[in-house]
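Novice:
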Amino acid sequence: MDYLSNFINYLQATKNLSEKTLKAYKSDLKQFFGYEKDVLRPDICAFISYLSGQLKLKDTSIRRKIITLKNYYNYLIDNEIIDSSPFRKLKFRFKQEKKLPKTLTVNEISKILKCFDIDPSTLSPFSQKEYIRDSALIDLLISTGIRIGEAAAITLDDVIKPDHTLLIHGKGRKQRLIYISSPITWERLKTLIKERKNNDDNHLFVNRYGQPLSIHGIEDIYKKYVKKAQITTKSTPHYLRHTFATNLLANGADLRSVQEILGHASVATTQIYTEVTTARKKQVLKKFNYRNKL
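Quick note: the sequence shown uses numbering that gives the first Met the number 0, first residue 0, plus one each step.
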């Protein structure tokens, strides 16, 4: 019996999971099946030791695999394939390092935006198209903090022009509305929308072949402008999301609103950004507070 396929079909039908999450489930289970000879009576502790000792996986990766396996064996119990879970008497404890989100400075963000302070009419037709797309894309990521996967998924139908709003398709197939508060960002989006009309593909951001931009394509575009802006900090487009959230909180936005804007399922995920702002305030006060010298 193909337990793996049946389990994935079950998840697909009942849990409304994204393709990315389903792919992670498949990958974790295939790895487990490749290691474990008797799947119905597995040695879970040996498998965890293998992941930690031989593969040197991080605790976060191991924890994810444990969750996958627990769900899998609960499925087998529900379908009366096994009587009890191999996790029934097992408890795992991991020391998880709490990493703060990495951000860019406001000055570095300004340098990236200045890359678009040119007259596009001086460019070749191809470079003009690239400029229109890139300026709208990078400015949108900076102005809204959306994930690059969310940006890649935006279609012309997701643009609500009268409200200066975009419909964002987030993780877990959850939708949210994002208001474009920056007039410059909105004008760049309008220019791109006008350029994208009457094209075969309905996506807002496409490559030179007219196909939707991939996540890797957006990462390459970001790298191009980081290099052009002469920013030495090693960063990814996700830094823009962290920078956006951190500055919202630093400027007085409430945690609940930031959670909704970012599309976080839990406010606990958003909470970590408050620690970044606190750390930054400490640095500023230690360096610039005149009282320290009195």
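Virtual Cβ for every residue (Gly too), placed ideally from N, Cα, C.
None of the values given here were measured: they were computed from a predicted structure.
1) Please report the Cβ distance between Leu165 and Ile177, rounded to the nearest whole angstrom; I am assuming they are in contact, meaning their Cβ atoms lie under 8 Å.
2) Near Leu191, which residues of its chain fall below 7 Å by C-beta distance, leaving aside the five closest residues on each side in sequence?
3) Which residues mark the beginning and the end of the beta strand (DSSP E) in which Tyr294 is found?
4) Who does Leu165 pair with in a DSSP beta bridge?
5) If you reduce the DSSP assignment to three classes, tell me which class Pro211 lands in.
6) Under a three-way DSSP split, which group does His263 fall into?
7) When we look at the beta-carbon of Val158 and count the other beta-carbons within 10 Å, is it buried (16 or more) or exposed?
8) Could you give the first and the last residue of the continuous alpha helix (DSSP H) run that contains Pro182?
9) List, from N- to C-terminal side, the alpha helix (DSSP H) runs of 4 residues or more that fit wholly inside the segment 1-26.
10) For Ser265, is the classification buried or exposed, using 16 other Cβ atoms within 10 angstroms of its Cβ as the cut-off for buried?
11) Report the rounded CA-to-CA distance for Leu10 versus Asp37, giving the unit in angstroms.
12) Closer than 8 Å is the cut-off here; do at least three beta carbon pairs connect the segment 214-228 with the segment 167-174?
13) Would you list, in sequence order, the uninterrupted beta strand (DSSP E) runs of no fewer than 3 residues that lie entirely inside the segment 64-125?
Specialist: So, from the data block:
1) As a working mapping, residue 165 is identified with position 166 in the sequence shown. As a working mapping, residue 177 is identified with position 178 in the sequence shown. About 5 Å; that satisfies the 8 Å criterion.
2) Against the sequence shown, residue 191 aligns to sequence position 192. If we look at Leu191 and ignore the five residues flanking it on each side, its Cβ neighbours are Ile131, Arg132, Ala135, Leu203.
3) Only positions 0 to 293 of the chain appear in the structure, and residue 294 is not among them; the question remains open.
4) In the sequence shown, the residue the question calls residue 165 occupies position 166. In DSSP, Leu165 forms a bridge with Val158, Ile177.
5) Residue mapping note: residue 211 aligns to position 212 of the sequence shown, counting from 1. Looking at Pro211 - three-state DSSP - the assignment turns out to be strand.
6) The residue you call residue 263 lines up with position 264 of the sequence shown. The answer is coil: DSSP assigns His263 none of H, G, I, E or B.
7) Residue mapping note: residue 158 aligns to position 159 of the sequence shown, counting from 1. By the neighbour-count rule (16 or more Cβ atoms within 10 Å), Val158 is buried.
8) Residue numbering aside, residue 182 sits at position 183 when the sequence shown is read from its first letter. From DSSP, the alpha helix (DSSP H) with Pro182 extends over 182-195.
9) Within the segment 1-26, the complete alpha helix (DSSP H) runs of at least 4 residues are 2-13.
10) As a first step, residue 265 is located in the sequence shown; it is residue number 266 there, counting from the start. By the 10 Å Cβ count, Ser265 comes out exposed.
11) Position 11 of the sequence shown, counted from the start, is the residue given in the question as residue 10. Position 38 of the sequence shown, counted from the start, is the residue given in the question as residue 37. The straight-line gap from Cα to Cα measures roughly 23 Å.
12) Touching, no, given that fewer than three Cβ pairs across the two stretches are closer than 8 Å.
13) Whole beta strand (DSSP E) segments, 3+ residues: zero.
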